[in-house]
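J.: Can you read through this structure? Questions will come right after.
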Amino acid sequence: MFATGSYTPTYAAPIKATGEVARRQRNDAMGQMAFYGDNRQYNQDTSAGKGVAAGGLGAQFRASLTGDMAAGKRATQAQAGMLDFLKDSAGEDLRFGSGRAEEANSLSSLLLDRDKINTDFQLNTQKRRMENSLAAAQRDAEERSAEMARKARTSQSILGLFGLA
Amino acid sequence: MFPKPKKFPIKKAPPATPGLTGNFSSSIPTAAPLAGSQVQQFSTMKPVFTAPSGGTGAADQTRSAFARALSDSANTATQGDIEGFNLGLQRKGQDAVARDVQQQRQIGTDRFGMNRQAATMRADIRNRRAQGMADIATKLSIGRKNADAAALDNAVNFTTGAMSLFSPAGAFMTGTRAATGLLGGLMGR
C-alpha cells in the first residue's frame, strides 16, 4: 500500500469515508421528518372514532406545532449529517495535502543530504587524484631533468678523457 | 635533443552553478472547501409546513409562520456554520502553504549553497593543478636549457681542442694531460 522502499512519498491519496453511512442517516432523518410532519396525525379523523379525535382545535394546533418542530429538527439533522460528511472530506483534503507536502519536503531535505555526501566524496576523490597526478608529473620531470644532466656530464667526461673538455 | 615533457591536460570548467530559481509552489488546497451548489443544497431547508391552498385561517397562518421561522433559523445557522468552517479551513490551509513554501525555500537555499561550495572547491582544484603543472614545466625547462648549454659547451671544447691537437704544442699538452691523468688514476686519485 505504501512505497517504503524508495524516496517516493508514502502519502498516496486522502482517506475518506464513502458517504454511504451519511446518506443512510440522511434518509432516516428525512423519513422521520416526513413522519413527524405528516398532518394526518394532528387533524381530527372522525372516521376512526372519538378516541383518536379527542381534544379540541387548540390541542390540535399545539400538536401540529410540536410535530412541525420535531420535523424541522429531523430536517436539520439530515442537513447536518451530510454537511459533517463533507466537512470531514474537506478536512481530509487539507490534512492529506499538508502531510504530503511535509513528507515531500523532508524527502527533499534527505536527498539534499545525500547529494552533499556524494558531492563531498566526489570532490575529495578528485582532489586526491589531482594531487597524485601532480606528484607523478613531478617525479617524471625530476627524472627527465636528471637524465638530461647525466647525458651532459657523460659527454663532458668523454671529451675530458681526450683532453678536449 | 631531449623528449618533450609529458602533457597533463586540465579538464574544462564544469557548467555554471544553477542559481536559486525561486519557483516555489504548494499543492495544498486553500480554496473554500464548501461552496456553490453544496452551500445551496445544505442551507435551503424548506418550511416543514405550508398553509394549504385556501387555508386562510389564523391557525394555518400561524403555523405556517412558525415553520418559516424554523427553516429560516436553521438555514441561517447552517450558512454560518459553513462560513465558519470554510474560513477556518482556509486559514489552516494558508498556514500550511506558508510552511510548505518556506521549507522549500530553505531546502533550495541549502542546495544553492552546496552547489556554490562545490563550484568553489572545483575551481580550487583546477587552480592548484594548473599552478603545479606550471611549476613542473618551468623546472623541466630549466633542466633542459642547462643540458643544452652544457652540450653546446662540450661541442665548442671539442672543436677548439681538436684544432689544437694537430699543433706540436697541443700534442705535447695532450700527452702531458694524458700522462697526468693516467698517473692520477694509478695513484687512486
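Residue numbers (this note's numbering), protein chains in the order written: chain A, 27 to 191; chain B, 2 to 190. Positions of the beta carbon are idealized from the N, C-alpha and C atoms, including for glycine.
1. Who are the near neighbours of Val98 of chain B in its chain, counting only those whose CB is closer than 7 angstroms to its CB and skipping five residues on each side?
2. Tell me which same chain residues have a C-beta within less than 6 angstroms of the C-beta of Met27 of chain A, skipping the five on either side of it?
3. In whole angstroms, give me the CA-to-CA distance for Ala38 of chain A and Phe111 of chain A.
4. Along chain A, which residues have their Cβ under 7 angstroms away from the Cβ of Ala148 of chain B?
5. For Thr161 of chain B, which residues of its own chain have a beta-carbon under 8 angstroms away from its beta-carbon, when the five flanking residues on both sides are left out?
6. Enumerate, from N- to C-terminal direction, the unbroken alpha helix (DSSP H) stretches of 4 or more residues contained entirely within the region 23–111 of chain B.
7. Gln164 of chain A and Ile143 of chain B - do their beta-carbons sit closer together than 8 angstroms?
8. Would you mind stating whether Ala55 of chain A and Ala104 of chain A have Cβ atoms separated by less than 8 angstroms?
9. For Gly58 of chain B and Ser44 of chain B, I'd like the C-alpha separation in whole angstroms.
10. Assuming Ala175 of chain A contacts Ala148 of chain B (C-beta within less than 8 angstroms), just tell me the rounded distance between them.
11. Can you have a look at Gly203 of chain A and say buried or exposed, based on whether 16 or more other CB atoms are within 10 angstroms of its CB?
12. Using a C-beta to C-beta distance shorter than 8 angstroms, which residues of chain B count as neighbours of Phe63 of chain A?
13. So, using beta-carbon positions, are Asp119 of chain A and Arg64 of chain B closer together than 8 angstroms?
14. Report yes if the CB atom of Leu8 of chain A is closer than 8 angstroms to the CB atom of Arg112 of chain B, and no otherwise.
15. Give a yes or no on whether the minimum CB-CB distance between Arg49 of chain A and chain E is below 8 angstroms.
16. So that I know if they touch, is there some Cβ in chain A lying closer than 8 angstroms to that of Asp101 of chain B?
17. Can you tell me whether Phe188 of chain A is helix, strand or coil according to DSSP?
18. Candidates B:Gln104, B:Leu35, B:Val49, B:Gln105: which alpha carbon is nearest Ser90 of chain A's?
19. Strictly below 9 angstroms CB to CB, what residues from chain B border Phe87 of chain A?
20. Is the CB-CB distance between Ala152 of chain B and Ala172 of chain A below 8 angstroms?
21. Give a yes or no on whether the minimum CB-CB distance between Phe25 of chain B and chain A is below 8 angstroms.
22. Residues in the same chain with beta-carbon distance under 8 angstroms from Lys42 of chain A, minus the five sequence neighbours each way, listed in chain order, please.
23. Report the residue from B:Lys47, B:Asp61, B:Met46 whose alpha carbon sits nearest the alpha carbon of Pro53 of chain B.
24. Quick one: does Asn158 of chain B have its CB under 8 angstroms from some CB of chain A?
25. Consult DSSP for Thr145 of chain A and reduce its assignment to one of helix, strand or coil.
26. Tell me whether Ser132 of chain A sits in a helix, a strand or coil according to DSSP, three-state version.
27. Does chain A have any CB closer than 8 angstroms to the CB of Leu88 of chain B?
28. In angstroms with no decimal places, state the Cα-to-Cα distance between Thr92 of chain A and Thr102 of chain A.
T.: Concretely, from the data shown:
1. Ser27, Ile29, Thr31
2. Its pLDDT being 47, under 50, Met27 of chain A is placed unreliably by the model, and nothing is read from it.
3. 21 angstroms
4. Met174, Ala175, Lys177, Ala178
5. Counting only Cβ-Cβ distances below 8 angstroms, and skipping sequence neighbours, we find nothing.
6. 38–43
7. no
8. yes
9. 30 angstroms
10. 6 angstroms
11. This structure gives no information on residue 203 of chain A, because the portion of chain A shown stretches from 27 to 191.
12. Checking the sequence shown, residue 63 of chain A turns out to be Gly, not Phe. What Gly63 of chain A touches in chain B: Val49, Phe50.
13. It is not a contact, given that the beta carbons lie outside the stated cut-off.
14. This structure cannot speak to residue 8 of chain A, because chain A is shown only from 27 to 191.
15. No chain E appears in this structure, whose protein chains are A and B.
16. yes
17. coil
18. B:Val49
19. Ala60, Thr63, Arg64
20. no
21. no
22. If we look at Lys42 of chain A and ignore the five residues flanking it on each side, its Cβ neighbours are Asp114, Ser115, Glu118.
23. B:Asp61
24. yes
25. helix
26. In the three-state DSSP reduction, Ser132 of chain A falls in the helix class (H, G or I).
27. no
28. In a straight line, the C-alpha of Thr92 of chain A is about 15 angstroms away from that of Thr102 of chain A.
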